[in-house]
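Chains as they are written, first to last, in my numbering: chain A, 257 to 613; chain C, 257 to 613.
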């Protein structure tokens, strides 16, 4: 019964598996790169103070004009260079549809955000993965081949490794006739955004999310920045899929959050400081830590190894991310929480490692 | 420049054009079938009273468990027979992808929701439109042909005409191997939902929205109901597109709205009573009104005709929907507002018609 009604091929899709969202409140949750601090108080206050009855009764602004203006102001762009979506996952999906359905393969790193191959399946896009070096760095020369386009996260996930803008420019120049998407979900934790390159590169699309540095994963808001002709392509796909993807509350809350630049830079600074302390502490415990400009660390624990440590931490109500995948199965990805959470993590790691030796 | 970076064919898409969302506050807005009353106070109160900081910081429940349970309870189903999406437009898009990509054409009426042909273009689905009768009724025999599936709104939009359940059953029996989607966006204003047929028909998918009878168009929440194997197909497509389409606030507000059944039936009763009064008044003015079980009326005005009346009403700050399309260009679609708004509409129609004679 199950599949006779499905479109042919639907049963071949292998959906993305998000990090676990357990319901326990007592857990220290360091597995999905959420921000440990509450979002901008300006944004949160809106919810209490604003009367949303009328805004909810009516359809929201299908073009999210105010929100796009706030994003444009922050990044020195015009509103027509900004596209917003229901989380950066939706923005990514629409970007794959709009730019990468071609006869050549799309190129992306072999170790990267695992939703990329899923979008390729969804839209029947060919792809070719390009191996990272042994130290997980990206070899840019490998991307100068005939392609449908290129997508890389910067910093990359789950490695945390960052490419400086000169290298992003090298990538953009090597694919002048194809779109290069720089997925900057983690850029605010120490990197420099490629958004400053938009006026010079007609093939550059930069994607951001409010889920990490804005502490609004629960709001589902992502955006793309690029020259007007790329944004128009995205709008054409979006308006053929869902006219009103951003609800009236999310438009207002996100606008307030984007405009609260003081909260944002303060928050990023706190996360970065905690990451640096945590990196030193893990190194002291014998972990091999990959240099990270993100709000997580990819680290290879000493004996008993990644999987055993993941399970032992879980027993102690600390959740980190373990990928049972080639090349990274000896590593754990640890999101940066509060200082107190990271101290508990370190203390528990120390105890577990000591009990093994 | 504009299109060299687009996927081939993207420039051929003709996106859906939603009804106008003007920013003027003084306008009487009867053009997009919104509810004239504020949503359930239980749902609205949540926004003021709940502390959303933690819910927004974290990713939302990707499975929207509580919301799906509330919907299942209301419709006497199990939660695994319910799928939720970011507005019923997203649910429709994913349904087209999941069930209708086949070698035969999808069948739907020639006069119906104008997003259907757009989804067909988006996913490269063949389609064949089936003409309505002269009185805008649906001829069911015409749907018993080899097809990828069938989709009809019940009540149909923009006609408002309703099919009783026996006729829906006839349709389901005529396509036993294909999915039949009944798009019930307007069912709560006088019709009987086909959700009661789900246990007997493995090919039935029923789609609802919170935008009309729940007065939550600004929240973007729609859902599908069907046997588990159809919901599993939708989940597979959804989890390959966007893991977390429903934000944390929308999940809670929608759950409260669905559970407030007293508000809902009271609200629908008020809209129905106003529609019936308005239908009589328009008939008295010489309009030909199509019988409607929706929260709008499709009506053919006397001289000077639909377009002239639409423009004259607009000058007087009353917005209704005029479709410049074959077969319905002599009609206006008028959403049901409050009694006072409809009295103003009638008074202004009377003045405009009088000034023409």
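Just so you know, even glycine gets a beta-carbon here, dropped at the ideal spot from N, CA and C.
| Check | Outcome |
| --- | --- |
| Quick check on DSSP: helix, strand or coil for residue 493 of chain A? | helix |
| Mind checking if residue 263 of chain A is an interface residue toward chain C, Cβ cutoff 8 Å exclusive? | yes |
| Determine, using beta-carbon pairs with one atom in the region 559–567 of chain A and one in the region 525–540 of chain A, whether at least three such pairs fall under 8 Å. | no |
| Note down, in chain order, each residue of its chain lying with its Cβ closer than 7 Å to the Cβ of residue 593 of chain A, except the 5 sequence neighbours on either side. | 284, 286, 292 |
| Buried or exposed: which applies to residue 455 of chain A, given that a residue is buried once 16 or more other Cβ atoms fall within 10 Å of its Cβ? | exposed |
| Using a C-beta to C-beta distance shorter than 9 Å, which residues of chain C count as neighbours of residue 258 of chain A? | 484, 485, 488, 489 |
| Are the beta-carbon atoms belonging to residue 263 of chain A and residue 355 of chain C less than 8 Å from one another? | yes |
| Comparing the C-beta of residue 355 of chain A with each C-beta of chain C, is any distance below 8 Å? | yes |
| Going along chain C, which residues have a C-beta under 7 Å from residue 498 of chain A? | 342, 343, 345, 346, 349 |
| With a Cβ-Cβ cutoff of 8 Å, do residue 432 of chain A and residue 369 of chain A count as a contact? | no |
| Which of the three DSSP states is assigned to residue 353 of chain A in this structure? | helix |
| Within 8 Å (strictly less), CB to CB, does residue 322 of chain A reach chain C? | no |
| Is it the case that the region 412–421 of chain C contacts the region 549–561 of chain C, given that we only count it when at least three CB pairs across the two stretches are under 8 Å? | yes |
| Do we get a CB-CB distance below 8 Å when we pair residue 525 of chain A with the residues of chain C? | no |
| Would residue 337 of chain A pass as a contact of residue 487 of chain A if the rule is Cβ separation under 8 Å? | yes |
| If we define contact as Cβ-Cβ less than 8 Å, is residue 505 of chain A a contact residue for chain C? | yes |
| Using the Cβ count rule (16 or more neighbours within 10 Å means buried), how would you classify residue 440 of chain A? | buried |
| Which residues share a DSSP beta bridge with residue 465 of chain A? | A:478 |
| Residue 414 of chain A versus chain C: which residues are under 8 Å apart at the beta carbon? | Residues of chain C passing the Cβ test: none, with the nearest at roughly 16 Å. |
| Please name the residue or residues paired with residue 383 of chain A in a DSSP beta bridge. | A:362 |
| From the beta carbon of residue 374 of chain C, is the nearest beta carbon of chain A less than 8 Å away? | yes |
| Just tell me which of C:610, C:586, C:573 has its CA closest to the CA of residue 278 of chain C. | C:573 |
| Is there contact here, the region 465–475 of chain C with the region 380–391 of chain C, by at least three beta-carbon pairs under 8 Å? | no |
| Just list the residues that DSSP pairs residue 538 of chain A with in beta bridges. | Paired residues: none, contrary to the question. |
| Between which two residues does the alpha helix (DSSP H) containing residue 554 of chain A stretch? | Where residue 554 of chain A is concerned, there is no enclosing alpha helix (DSSP H), although the beta strand (DSSP E) it sits in stretches over 552–556. |
| Considering only the beta carbon of each residue, do residue 294 of chain C and residue 303 of chain C sit closer than 8 Å? | no |
| What are the start and end residues of each continuous alpha helix (DSSP H) run of 4 or more residues lying completely inside the region 415–453 of chain C, in chain order? | 421–430 |
| In the region 288–308 of chain A, which residues sit with their C-beta less than 7 Å from some C-beta in chain C, listed in chain order? | 288, 290, 291, 294, 295, 300, 303, 304, 308 |
| What are the start and end residues of the alpha helix (DSSP H) that includes residue 300 of chain C? | 297–305 |
| Got a sec: is the Cβ-Cβ distance from residue 269 of chain A to anything in chain C below 8 Å? | yes |
| Bridge partners for residue 591 of chain C per DSSP, in chain order? | C:552 |
| Tell me, which residues are paired with residue 285 of chain C by DSSP? | C:575 |
| Checking the sheet assignment: what are the DSSP bridge partners for residue 460 of chain A? | A:436 |
| For residue 584 of chain C, which of helix, strand or coil comes out of DSSP? | coil |
| Compute the distance between the beta-carbons of residue 406 of chain A and residue 436 of chain A, then report whether it is under 8 Å. | yes |
| Rounded to whole angstroms, what's the CA-CA distance from residue 579 of chain C to residue 588 of chain C? Just pull it up for me. | 7 Å |
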